[in-house]
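K.L.:
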Amino acid sequence: MRAFLIRRILQSLLTLWVIMSIGFVMFRMLPGDPSSVIADPYLGPEEVAHIKQRYGLDRSVPAQYLIYLQSLARLDLGNSFFYVRPVTRVMADAVPNTLVLVFASFLFAYGGAIPAGVLLSWKRGTKLELAGTFFSLVFRSAPRFWTGLMAVMIFSYFLDWLPHSGMRTPGYEADNLFEKYVSLDFLQHLILPTVVSGLYFLALPLFLIRNTMLEIMGEDYIEMARAKGLKEWVVMYRHTLRNALLPVVSAASVFIGVALGGQVLIEYIFSWPGLGRELVDSINRHDYPVAQGAFLLISTTVVAMNFLADLLYGWLDPRITYR
Amino acid sequence: MAVTTGRGVSQPQERRRAPMARPAFGLRAALAGHFRILRRDRFAVAGAVILLAFVLVGTFAPQLAPSDPWTIHYRADGSPARLDPPSREHPFGTTNVGRDILSQTIYGTRTALFVGFTAAILVTFIGTNIALWSGYLKGRIDDVFMRLADVAFSIPFEPFAIVLAAFLSPDIWNIILAMALLMWRTPARTIRAQVLSISERPAILAARVAGAGHLRIVYRHIMPHILPLCLFYVATEVGLAIIMEASVSFLGFGDPTLMSWGQILNVAFNTGSLNRAWWWATPPGVAITLVVLSVFFISRAYEEVVNPRLRRV
Numbered sequence: 001m002r003a004f005l006i007r008r009i010l011q012s013l014l015t016l017w018v019i020m021s022i023g024f025v026m027f028r029m030l031p032g033d034p035s036s037v038i039a040d041p042y043l044g045p046e047e048v049a050h051i052k053q054r055y056g057l058d059r060s061v062p063a064q065y066l067i068y069l070q071s072l073a074r075l076d077l078g079n080s081f082f083y084v085r086p087v088t089r090v091m092a093d094a095v096p097n098t099l100v101l102v103f104a105s106f107l108f109a110y111g112g113a114i115p116a117g118v119l120l121s122w123k124r125g126t127k128l129e130l131a132g133t134f135f136s137l138v139f140r141s142a143p144r145f146w147t148g149l150m151a152v153m154i155f156s157y158f159l160d161w162l163p164h165s166g167m168r169t170p171g172y173e174a175d176n177l178f179e180k181y182v183s184l185d186f187l188q189h190l191i192l193p194t195v196v197s198g199l200y201f202l203a204l205p206l207f208l209i210r211n212t213m214l215e216i217m218g219e220d221y222i223e224m225a226r227a228k229g230l231k232e233w234v235v236m237y238r239h240t241l242r243n244a245l246l247p248v249v250s251a252a253s254v255f256i257g258v259a260l261g262g263q264v265l266i267e268y269i270f271s272w273p274g275l276g277r278e279l280v281d282s283i284n285r286h287d288y289p290v291a292q293g294a295f296l297l298i299s300t301t302v303v304a305m306n307f308l309a310d311l312l313y314g315w316l317d318p319r320i321t322y323r
Numbered sequence: 324m325a326v327t328t329g330r331g332v333s334q335p336q337e338r339r340r341a342p343m344a345r346p347a348f349g350l351r352a353a354l355a356g357h358f359r360i361l362r363r364d365r366f367a368v369a370g371a372v373i374l375l376a377f378v379l380v381g382t383f384a385p386q387l388a389p390s391d392p393w394t395i396h397y398r399a400d401g402s403p404a405r406l407d408p409p410s411r412e413h414p415f416g417t418t419n420v421g422r423d424i425l426s427q428t429i430y431g432t433r434t435a436l437f438v439g440f441t442a443a444i445l446v447t448f449i450g451t452n453i454a455l456w457s458g459y460l461k462g463r464i465d466d467v468f469m470r471l472a473d474v475a476f477s478i479p480f481e482p483f484a485i486v487l488a489a490f491l492s493p494d495i496w497n498i499i500l501a502m503a504l505l506m507w508r509t510p511a512r513t514i515r516a517q518v519l520s521i522s523e524r525p526a527i528l529a530a531r532v533a534g535a536g537h538l539r540i541v542y543r544h545i546m547p548h549i550l551p552l553c554l555f556y557v558a559t560e561v562g563l564a565i566i567m568e569a570s571v572s573f574l575g576f577g578d579p580t581l582m583s584w585g586q587i588l589n590v591a592f593n594t595g596s597l598n599r600a601w602w603w604a605t606p607p608g609v610a611i612t613l614v615v616l617s618v619f620f621i622s623r624a625y626e627e628v629v630n631p632r633l634r635r636v
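Sequence lines, in order, name chains G and V.
Going by the working numbering, the first residue of the first sequence is number 1, and it counts up by one from there.
Going by the working numbering, the first residue of the second sequence is number 324, and it counts up by one from there.
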């Protein structure tokens, strides 16, 4: 177990280093290097050289790379050109918003999938199963951002039930942190993006539950439970579901890692002030430090979550041995 | 890792199961086998028909489209046909500058299918070859490739593709490049597990004893067994690539000179036309959904072959 842990930690560190290097290559080496943005075209060559020196862009590439790694180690992501404040502060504002949305989608998807999956396996071969399968597959196949556009079109523009973008009504000032996230206004803004991404995520746990349930329903102890005269829903929910939950838990444990990357476009179309929207906006504004920070932060979270998922999975299923 | 087929195969499970491939001899027998696989499954047939329809639409786009996708149309009174609802003349309506949305959707099919199939075939080609040599040679090569796959699994695909496409020149090849750099991870890992078990079979050992070279063993003796798996991955990656291309073009990082479904959605969204023209953003999304669904049904037929546990009872 300890050997596994050490190896897994080393592996995560290696992955992090590769990701940082990719970040360096993508944000420094690709066309349109940062100096072309900071340096105003009306500035003279001396000023440009001065600016380059200030940002360390006049050094050799290996030297820049070392400086880059050093500042990352100090958790210093530089300053945003656009917001004119440290990137870490910009990120600190964005991360909770992203997490709230991811968590809400998670609750919607997994909270809905468990009873629905049981229902689908229970009502096997009926029209209900066909309809459930069909709709979950459609939402799984449709690009999330397009489902979002359709939802905005129907529920915000035509029916005028819900706000189409943002996290709060402009001008709304929360008195404290609690009110910031627990208010009717906030919840109204949360509904559409949550439901849209939740419907996409729903299919995976739904079919996991359905398939495992079908497998388990053939087992002897289920027959035994039926033979005892237990009610059908007790057999389904108490006896079968319990053992069908394991693959779902493992899927859930990698959820945040998987979801974070995919939420970029959802945040973009709903103007949700999170990491994903910050990534797209900063690329459009050529605000490289923020774009880089957002990319690194999303990737690091994915690495961390995968690491935790591995541990959790082994803990839940004792049949897995750590090697 | 987000590559799930909706039939509920999570990553950890995939790692553990050891699917059995059906042995096939010779290319013709193999192809006949694949045809049988598809025909047995009603949904796969439907998927193949839908996909074929899109391929035909894409191929004959210039003949099928009522007009050029960029042409600005005018009404009878000479004013530009701005945001005209669907009519006999423009079955899918017009855009804010009077372009025909049906023609745009038809031409967009070309881009989507081109990116989808090129990326999918490239990704599967890379992944399969890594898997074959990694699983066959084992040892250090295997270690290096599998650590690389671990790293590739930890990089979130969407942000990576968006950043790459945004910084390189706006070109569909960059989306294909992003796919090729990252997505080989899934086929490489799963197919390798398969190759590991196949290369221990008596037939392979016999071939080695008979003096067959590495190349011959890998491509003539092992490769045919994993072909269904490869086709499963081609089908899966087609859907992913199409959605990715649409996402990147939707964000405005795609090739502006190329008509694509994502670009139609980009213009519709950024001109704020969603609240006035329901007909604009609807067709490209429906098209994407249909193509992705069709390749999903096809891939599912293959998945049942490679993993008999999934077969519907």
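We treat Cβ as the ideally placed atom computed from N, Cα and C, and that holds for glycine.
Note that the coordinates shown come from a computational prediction; the quantities given were computed from them, not determined experimentally.
1. If the cut is a Cβ gap below 7 Å, which residues of chain G does threonine 612 of chain V touch?
2. List the whole-angstrom C-beta distance separating asparagine 589 of chain V from serine 572 of chain V, where the pair is believed to meet the contact cut-off of C-beta under 8 Å.
3. Which value, in whole angstroms, describes the spacing of the CA atoms of glycine 575 of chain V and alanine 564 of chain V?
4. State the DSSP-derived secondary structure class of glutamine 334 of chain V, mapped to helix, strand or coil.
5. What are the residues in the stretch 477–489 of chain V lying within 9 Å of chain G by C-beta distance?
6. Pick out whichever of V:Ala591, V:Ala535 and V:Leu597 has its Cα sitting closest to the Cα of arginine 422 of chain V.
7. State yes or no: is the beta carbon of valine 195 of chain G nearer than 7 Å to at least one beta carbon in chain V?
8. Does the distance from the C-beta atom of valine 628 of chain V to that of isoleucine 360 of chain V stay below 7 Å?
9. Around the Cβ of tyrosine 110 of chain G, are there at least 16 other Cβ atoms within 10 angstroms (buried) or fewer (exposed)?
10. Tell me which residues of the stretch 103–121 of chain G have at least one Cβ-Cβ distance to chain V shorter than 7 Å, keeping chain order.
11. Across which residues does DSSP place threonine 417 of chain V in a beta bridge pair?
12. Closer than 7 Å by beta-carbon distance: list the chain V residues that pair up with tyrosine 157 of chain G, in chain order.
13. Short check: CB of phenylalanine 555 of chain V to CB of serine 457 of chain V, under 7 Å?
14. Can you look up asparagine 598 of chain V in the DSSP assignment and give me helix, strand or coil?
15. In terms of alpha-carbon separation, which member of V:Leu471, V:Ser390, V:Phe619 and V:Ala624 lies closest to glutamine 416 of chain V?
16. Per DSSP, what kind of secondary structure is tyrosine 83 of chain G in: helix, strand or coil?
17. What does threonine 15 of chain G reach in chain V if we use C-beta pairs closer than 7 Å?
18. How big is the Cα-Cα spacing for isoleucine 266 of chain G and proline 392 of chain V?
19. Assuming leucine 120 of chain G contacts arginine 210 of chain G (C-beta within less than 8 Å), just tell me the rounded distance between them.
20. Which residues in the same chain as tyrosine 268 of chain G place their Cβ atom closer than 6 Å to its Cβ, once the five residues preceding and following it in sequence are excluded?
21. Leaving aside the five residues before and after glycine 406 of chain V along the sequence, list all residues of the same chain whose C-beta is less than 8 Å from its C-beta, in chain order.
22. Let me make sure I understand the geometry here. Which of G:Leu107, G:Leu246 and G:Gly293 has the alpha-carbon closest to that of glycine 198 of chain G?
23. Quick one: which chain G residues come within Cβ less than 7 Å of serine 570 of chain V?
24. Rounded C-beta distance between isoleucine 19 of chain G and isoleucine 478 of chain V? I'm assuming under 8 Å.
25. Please check if any C-beta of chain V sits within less than 7 Å of the C-beta of asparagine 306 of chain G.
26. Going by beta carbon distance, what residues of the same chain come within less than 7 Å of tyrosine 65 of chain G, once the five residues before and after it are set aside?
27. Run down chain G in chain order and give the residues with a C-beta less than 7 Å from the C-beta of leucine 500 of chain V.
28. With 16 as the cutoff for other CB atoms within 10 Å, does tyrosine 397 of chain V come out buried or exposed?
29. Which residue's Cα is closest to the Cα of alanine 335 of chain G: G:Ala304, G:Ser271, G:Leu260 and G:Leu297?
30. Alpha helix (DSSP H) containing glutamate 219 of chain G: first to last residue?
31. I'd like to check one pair, alanine 443 of chain V with arginine 514 of chain V: are the Cβ atoms closer than 7 Å?
32. Expressed to the nearest angstrom, what Euclidean distance is found between the alpha-carbon atoms of aspartate 466 of chain V and histidine 537 of chain V?
33. Just the chain G side, please: which residues come within less than 7 Å of isoleucine 566 of chain V by C-beta, in chain order?
34. Use the C-beta contact count for arginine 140 of chain G: other C-beta atoms within 10 angstroms, 16 or more gives buried, fewer gives exposed.
35. Going by other Cβ atoms of all chains shown within 10 Å of its Cβ, with 16 needed for buried, is tyrosine 157 of chain G buried or exposed?
36. So is valine 264 of chain G buried or exposed if we call it buried at 16+ other beta carbons inside 10 Å?
P.N.:
Checking against the coordinates, here is how it stands:
1. One-based indexing of the second sequence puts residue 612 of chain V at position 289. Taking a Cβ-Cβ threshold of 7 Å, the residues of chain G close to threonine 612 of chain V are Val138, Ser141 and Ala142, in chain order.
2. As a first step, residue 589 of chain V is located in the second sequence; it is residue number 266 there, counting from the start. As a first step, residue 572 of chain V is located in the second sequence; it is residue number 249 there, counting from the start. Confirmed, Cβ separation roughly 6 Å.
3. The residue labelled residue 575 of chain V in the question sits at position 252 within the second sequence. The residue labelled residue 564 of chain V in the question sits at position 241 within the second sequence. Roughly 17 Å between the two C-alpha positions.
4. Translated into positions along the second sequence, residue 334 of chain V becomes position 11. Its pLDDT being 38, under 50, glutamine 334 of chain V is placed unreliably in this model, and the value from its coordinates should be taken loosely. Three-state DSSP puts glutamine 334 of chain V in a helix.
5. Ser477, Ile478, Pro479, Phe480, Glu481, Pro482, Phe483, Ile485, Val486, Leu487 and Ala489
6. Within the second sequence, the letter at position 99 stands for residue 422 of chain V. The shortest C-alpha separation from arginine 422 of chain V is found at V:Ala591.
7. Looking up residue 195 of chain G in the first sequence gives position 195. Not one chain V Cβ lies under 7 Å of valine 195 of chain G.
8. To locate residue 628 of chain V, count along the second sequence from 1; it is residue 305. To locate residue 360 of chain V, count along the second sequence from 1; it is residue 37. Going by C-beta atoms, valine 628 of chain V is nearer than 7 Å to isoleucine 360 of chain V.
9. One-based indexing of the first sequence puts residue 110 of chain G at position 110. Buried.
10. Listed in sequence order: no entries.
11. Taking the second sequence and counting its residues from 1, one reaches residue 417 of chain V at position 94. Threonine 417 of chain V is bridged to V:Asp423.
12. Counting from one through the first sequence, the residue named residue 157 of chain G turns up at place 157. Those within 7 Å of tyrosine 157 of chain G in chain V are Leu597 and Asn598.
13. Walking along the second sequence from the start, residue 555 of chain V turns up at place 232. Walking along the second sequence from the start, residue 457 of chain V turns up at place 134. No, these two residues do not count as a Cβ contact at 7 Å.
14. Here residue 598 of chain V refers to the residue found at position 275 of the second sequence. Residue state for asparagine 598 of chain V is assigned as coil, using DSSP reduced to three classes.
15. In the second sequence, counting from the first residue as 1, residue 416 of chain V sits at position 93. A quick correction: the sequence has glycine, not glutamine, at residue 416 of chain V. Glycine 416 of chain V has its Cα closest to that of V:Ser390, out of V:Leu471, V:Ser390, V:Phe619 and V:Ala624.
16. For the purposes of this step, residue 83 of chain G is taken as the residue at position 83 of the first sequence. Tyrosine 83 of chain G: coil per DSSP, three-state reduction.
17. Sequence index remark: in the first sequence, residue 15 of chain G carries index 15 (1-based). Going along chain V in sequence order, the residues near threonine 15 of chain G (Cβ under 7 Å) are Asp473, Val474 and Ser477.
18. In the first sequence, the residue the question calls residue 266 of chain G occupies position 266. In the second sequence, the residue the question calls residue 392 of chain V occupies position 69. Whole-angstrom Cα-Cα distance: 28 Å.
19. Looking up residue 120 of chain G in the first sequence gives position 120. Looking up residue 210 of chain G in the first sequence gives position 210. Rounded, the Cβ-Cβ distance is 5 Å, consistent with contact.
20. One-based indexing of the first sequence puts residue 268 of chain G at position 268. Excluding its 5 nearest sequence neighbours in each direction, tyrosine 268 of chain G has C-beta neighbours in its own chain below 6 Å: Arg277 and Val280, listed in chain order.
21. The residue given as residue 406 of chain V occupies position 83 in the second sequence. Here residue 406 of chain V is leucine; the residue named in the question, glycine, does not match the sequence. For leucine 406 of chain V, where only same-chain residues beyond five positions count, the Cβ hits under 8 Å are Gly416, Thr417, Thr418, Asn419, Ser596, Arg599, Ala600 and Trp603.
22. Reading the first sequence from its first residue, position 198 is the one you call residue 198 of chain G. Out of G:Leu107, G:Leu246 and G:Gly293, G:Leu107 has the C-alpha closest to the C-alpha of glycine 198 of chain G.
23. Mapped onto the second sequence, residue 570 of chain V falls at position 247. Per Cβ cutoff of 7 Å: Pro143, Phe145 and Leu265.
24. Counting from one through the first sequence, the residue named residue 19 of chain G turns up at place 19. Counting from one through the second sequence, the residue named residue 478 of chain V turns up at place 155. Correct: roughly 6 Å between the Cβ atoms.
25. Residue mapping note: residue 306 of chain G aligns to position 306 of the first sequence, counting from 1. Cβ-Cβ to chain V under 7 Å: yes for asparagine 306 of chain G.
26. Residue numbering aside, residue 65 of chain G sits at position 65 when the first sequence is read from its first letter. Closer than 7 Å at Cβ, skipping near neighbours: Phe24.
27. Within the second sequence, residue 500 of chain V is the residue found at index 177, counting from 1. The premise fails here: leucine 500 of chain V is roughly 12 Å from chain G at the closest Cβ pair, so nothing lies under 7 Å.
28. What you label residue 397 of chain V is simply residue 74 of the second sequence in a count that begins at 1. By the neighbour-count rule (16 or more Cβ atoms within 10 Å), tyrosine 397 of chain V is not buried but exposed.
29. Because residue 335 of chain G is not part of the residues shown, which for chain G are 1 to 323, the question remains open.
30. As a working note, residue 219 of chain G is residue 219 in the first sequence. First-last for glutamate 219 of chain G: undefined, no H or E at that position.
31. Indexing the second sequence from 1 puts residue 514 of chain V at position 191. Indexing the second sequence from 1 puts residue 443 of chain V at position 120. Contrary to the premise, residue 514 of chain V reads as isoleucine rather than arginine in this sequence. Not in contact: isoleucine 514 of chain V and alanine 443 of chain V (Cβ atoms no closer than 7 Å).
32. Mapped onto the second sequence, residue 466 of chain V falls at position 143. Mapped onto the second sequence, residue 537 of chain V falls at position 214. Cα to Cα, the separation comes out at about 19 Å.
33. Position 243 of the second sequence, counted from the first residue, corresponds to residue 566 of chain V. The answer, in chain order, is Pro143.
34. Position 140 of the first sequence, counting from 1, holds the residue named residue 140 of chain G. Under this definition arginine 140 of chain G is a buried residue.
35. Here residue 157 of chain G refers to the residue found at position 157 of the first sequence. By the neighbour-count rule (16 or more Cβ atoms within 10 Å), tyrosine 157 of chain G is not buried but exposed.
36. As a first step, residue 264 of chain G is located in the first sequence; it is residue number 264 there, counting from the start. The residue in question, valine 264 of chain G, is buried, as its Cβ has 16 or more Cβ neighbours within 10 Å.
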